[in-house]
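Our numbering applies: residue 1 is where the sequence shown begins, and numbers increase by one. We treat Cβ as the ideally placed atom computed from N, Cα and C, and that holds for glycine.
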Amino acid sequence: MSEKDLTFWEHLDVLRGGLIRCLVVVVVVAVAAFCLKDQLFDLILWPQKADFPTYKLLRRIAPDGTFSDIALINTGLAQQFIVHMRVALAVAALLVTPYIVYEVVRFVSPALYPNERRASLPAVIAGLVMFLLGVALTYWLLFPFTFRFLGTYQVQEGVTNLISLDSYISTLLIMCLMMGVLFELPVLCWLLAKIGLLTSEPMKKYRKHAFVVILIVAAVITPTGDVFTLSMVALPIYLLYEVGIFAVKSVEKGKKT
């Protein structure tokens, strides 16, 4: 019996099986990441160190710039253990994302027509790549500048910053997630154009409005107050908007031929 001929309850059984497999894989990878504590936190806490590659590059561009390690503190008895588990789970979810997407596509594909299956594969691959690009941009560029600015900012010289480990981790994870999702913009535009819910004309017409919205979103993601960091976030998002227009145009041209 093919999956198309399955009953509703049999489809639920298939879905349950996929969810269980995804959960098992996430747990296994999370346990492995938890056991590799030193390597895991060497990577996660690297942006607080003066030898982070982004800071080294900036020192080459501006030799007068100085960077030093920014200390983190822990304020809760069990907080470090909780942070350890949370980071291990977040890293596992990120690493297992391709497998989760595979399970979703595997479950949905029997209900799709052959041409829809062919169209879904590039969209899935593009979505994964764009999400990972957003996470990479945040880790290597956006978060280091945000953390460095906020971690060294003082209203007066006598007011010392004491940054908690939990605050550091929460900011990093939230920024990575938000930028990863925002980098899905071109893929989302392409999918909406495919199903006829979006055209390129309104996107071009409301460019200025979109730019204002992008500035607001960038300000929310990086509330540092400096124009440089705000520009570093807003510019990639606006470029993604332009890429989205190009993707929608390509769909429109395909429909005309």
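Out of the options, which one is the CA nearest neighbour of residue i?
| i | options | result |
| --- | --- | --- |
| Gly-196 | Ala-78, Lys-249, Met-130 | Lys-249 |
| Gln-48 | Phe-34, Ala-32, Val-31, Asp-69 | Asp-69 |
| Gly-258 | Pro-114, Val-233, Gly-151, Leu-165 | Given that the chain is displayed from residue 1 to residue 257, the structure contains no residue 258 and the question cannot be resolved. |
| Val-217 | Met-178, Val-187, Leu-137 | Met-178 |
| Gly-254 | Trp-190, Phe-211, Leu-128, Met-85 | Trp-190 |
| Leu-188 | Leu-15, Phe-107, Leu-240, Pro-110 | Leu-240 |
| Phe-228 | Ile-100, Leu-57, Leu-141 | Leu-141 |
| Thr-146 | Leu-43, Ile-221, Gly-18 | Ile-221 |
| Leu-45 | Leu-215, Ala-119, Thr-171 | Thr-171 |
| Gln-80 | Ile-237, Ser-167, Phe-211 | Ser-167 |
| Ala-50 | Trp-9, Thr-152, Lys-256, Thr-75 | Thr-152 |
What's the gap between the Cα of residue i and the Cα of residue j?
| i | j | result |
| --- | --- | --- |
| Val-243 | Leu-77 | 47 Å |
| Asp-38 | Arg-59 | 27 Å |
| Ile-163 | Thr-7 | 55 Å |
| Lys-194 | Glu-252 | 8 Å |
| Leu-182 | Gly-134 | 8 Å |
| Arg-16 | Thr-97 | 18 Å |
| Leu-192 | Lys-205 | 17 Å |
| Ile-245 | Val-124 | 19 Å |
| Leu-12 | Pro-53 | 48 Å |
| Tyr-99 | Ala-119 | 19 Å |
| Gly-158 | Gly-18 | 56 Å |
| Leu-215 | Glu-103 | 36 Å |
| Leu-57 | Arg-148 | 15 Å |
| Ile-237 | Lys-208 | 14 Å |
| Asn-161 | Pro-114 | 58 Å |
| Pro-122 | Ala-62 | 41 Å |
| Leu-150 | Val-14 | 48 Å |
| Leu-173 | Leu-36 | 19 Å |
| Gln-154 | Asn-74 | 21 Å |
| Phe-211 | Glu-10 | 47 Å |
| Pro-110 | Arg-21 | 19 Å |
Can you check DSSP and say which residues form a bridge with residue i?
| i | result |
| --- | --- |
| Ser-164 | Ile-73 |
Contact check, residue i vs residue j under 8 Å by CB: the rounded distance?
| i | j | result |
| --- | --- | --- |
| Val-29 | Leu-95 | 6 Å |
| Ala-88 | Ala-33 | 4 Å |
| Glu-184 | Phe-131 | 6 Å |
| Leu-55 | Phe-67 | According to the sequence displayed, residue 55 carries Tyr and not Leu. Correct: roughly 4 Å between the Cβ atoms. |
| Met-85 | Thr-138 | About 22 Å separates the two Cβ atoms, so there is no contact after all. |
Verify whether the separation of the beta carbon atoms of residue i and residue j is less than 8 Å.
| i | j | result |
| --- | --- | --- |
| Leu-23 | Leu-165 | no |
| Leu-230 | Ala-219 | yes |
| Val-101 | Leu-128 | yes |
| Val-26 | Ala-93 | yes |
| Val-83 | Ile-169 | yes |
| Ala-247 | Pro-186 | yes |
Cβ of residue i less than 8 Å from any chain B Cβ?
| i | result |
| --- | --- |
| Lys-208 | No chain B is part of this structure, which consists of one protein chain only. |
Does the beta-carbon of residue i, which I'm using as the reference point, lie nearer than 7 Å to any heavy atom of the ligand SAM?
| i | result |
| --- | --- |
| Phe-41 | Inclusion of the ligand SAM in the displayed structure is not the case, the ligand content being empty and no account of it being possible. |
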